[in-house]
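Remarks on the structure that follows.
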Amino acid sequence: MSSCCSPSAGHGPSSGHNPSPGHSSGHSPSAGTPFEVPFEVPRRDPREVARGMVSLPAGEFAMGGADEDAFPDDGEGPVRQVRVSAFRLDETAVTNRQFGAFVKATGYVTEAERFGWSFVFHLFVGPGRRAHVKDARVPGAPWWLAVEGATWRTPEGPGSDVRTRPQHPVVHVSWRDAGAYARWAGKRLPTEAEWEYAARGGLARARYAWGDELTPRGRWRCNIWQGRFPRVDTAEDGHTGTAPVKSYAPNGFGLYEVAGNVWEWCADWWSTSWHAQERPETRIDPAGPPEGDTRVMRGGSYLCHASYCNRYRVAARTSNTPDSSSGNLGFRCAADLP
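In this text, residue positions in the sequence shown follow the numbering used here: the first is -2, and each later residue adds one.
Structure, rendered in structure tokens:
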């Protein structure tokens, strides 16, 4: 089955289980290991760090899933009891305005800007931008186009601009870009276990972040694809492409858009088997395997559709190379409690 997930450019190892755009890989630091950043990390007042975050209590939950329509190669199972310590999580994905403040303060240049291109969904590449399309198709996912000049500032390529979308989630950011922002903000990326614990919002074994029905009482709770993928999005949920943060009701923990809108980077290396082993490091504050080639992504995006990619389910997962970026991939940050 083909996937709408974020593509990988193929200059380095990739997960191989679905097409997702990106650039290259090579081993990166393990989850939770701070890597060097090209700027001085400011000291932050804990009250400043906590602004816009939700404090989550320590707890134990059933992680993973056994949905019949899950992708077998994604390693969602087995369902296992996992304990996490108390932590904070951003109530929304990081926005263009927030990322812009980071870039203005540090002069940071994203990996997509340094590579000179990123992946854009084909319906967002109009005739005037076709000249910027590179010859870099994604096998099995021809709807992804490598567009020169596509960056977080210009999400669809030259001529587009985020200044009209300050509250939309930032996209075209790699795992390393996300980690750099997190360090500047006095935060970090969440572990996959933290992300799922938070996304479940206190619901046990639910299919979605709000329950078991996709559209309870006929109301959309997330920004995903309706219509005929990949040609026609009928936008019954109110949006095509990214939606501003807080467009949909929050989950039980007060977190917005943990399903759909944009994929979110997690700290962990990807594995489909490491978490199946019954031992303390996989059940108590698990941080993923010690090494790997790709990093975990969670939540699904506005391109997810039941016929291709139903990964807006709360147990669903996928991955990409650490320097990959695309127009449907963002992040939110976590922080330790003081």
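All C-beta atoms in this analysis are idealised placements derived from N, C-alpha and C, irrespective of residue type, glycine included.
Which partner residues does Tyr305 have in the DSSP bridge list?
In DSSP, Tyr305 forms no bridge with anything.
Chain C beta carbons: is any one of them nearer than 8 angstroms to that of Val34?
Protein chain content of the structure displayed is limited to a single chain, and chain C is not contained in it.
Classify Ser52: buried if its beta carbon has 16 or more other beta carbons within 10 angstroms, exposed otherwise.
Looking at its Cβ environment, which holds fewer than 16 other Cβ atoms inside 10 Å, Ser52 is exposed.
Can you tell me whether DSSP reads Ala195 as helix, strand or coil?
If DSSP states are grouped into helix, strand and coil, Ala195 belongs with the helices.
Can you give me the start and stop residues for the beta strand (DSSP E) that Leu68 sits inside?
What sits at residue 68 in the sequence shown is Phe, not Leu. Unbroken run through Phe68: none, as it is neither H nor E.
What do you reckon, are the CB atoms on Arg218 and Tyr253 nearer than 8 angstroms?
Against a cut-off of 8 angstroms, the Cβ pair of Tyr253 and Arg218 comes out as no contact.
Tyr178 by DSSP, collapsed to three states: which one?
The answer is helix: DSSP assigns Tyr178 an H, G or I state.
Anyone know if the C-beta pair for Arg197 and Ala203 falls short of 8 angstroms?
Going by C-beta atoms, Arg197 is nearer than 8 angstroms to Ala203.
In three-state DSSP terms, what is Phe250?
Of the three classes helix, strand and coil, the one that applies to Phe250 here is coil, per DSSP.
Considering only DSSP beta bridges, list what Arg94 is partnered with.
For Arg94, which the question treats as bridged, DSSP gives no partner whatsoever.
What do you get for Ile281, buried or exposed, if any count of 16 or more other CB atoms within 10 angstroms of its CB means buried?
Per the 10 Å Cβ criterion, exposed.
Indicate the three-state DSSP secondary structure (helix, strand or coil) for Glu108 in the structure shown.
Here Glu108 sits in helix by DSSP.
If you draw a straight line from the C-alpha of Ala177 to the C-alpha of Val34, how long is it?
Ala177 and Val34: Cα-Cα distance of roughly 6 angstroms.
Using a Cβ-Cβ cutoff of less than 7 angstroms, which residues in the same chain neighbour Leu211 once the five nearest sequence positions on both sides are dropped?
The residues are Tyr205.
Is the separation between the beta-carbon of Val38 and that of Glu193 shorter than 8 angstroms?
No, the Cβ-Cβ distance between Val38 and Glu193 is not below 8 angstroms.
Between Pro4 and Ala138, which are expected to be in contact by the criterion C-beta below 8 angstroms, what is the C-beta distance as a whole number of angstroms?
Yes, they are in contact, since the Cβ atoms of Pro4 and Ala138 sit about 6 angstroms apart, within 8 angstroms.
Check this for me: beta carbons of Pro166 and Val91, under 8 angstroms apart or not?
Yes, these two residues count as a Cβ contact at 8 angstroms.
Okay, do the stretch 64 to 84 and the stretch 264 to 280 touch, 3+ Cβ pairs below 8 angstroms being the bar?
Short answer: they touch.
Just how far apart, CA to CA, sit Ser115 and Trp271?
Rounded to the nearest angstrom, the two C-alpha atoms are 31 angstroms apart.
Would you give the residue range spanned by the alpha helix (DSSP H) that Thr279 belongs to?
Where Thr279 is concerned, the enclosing alpha helix (DSSP H) stretches over 277 to 280.
Could you check whether the stretch 288 to 301 touches the stretch 315 to 331, counting it as contact only if at least three pairs of C-beta atoms, one from each stretch, sit closer than 8 angstroms?
The stretch 288 to 301 vs the stretch 315 to 331: in contact.
Taking DSSP as the reference, what is the three-state secondary structure of Glu45?
DSSP places Glu45 in helix when its eight states are reduced to three.
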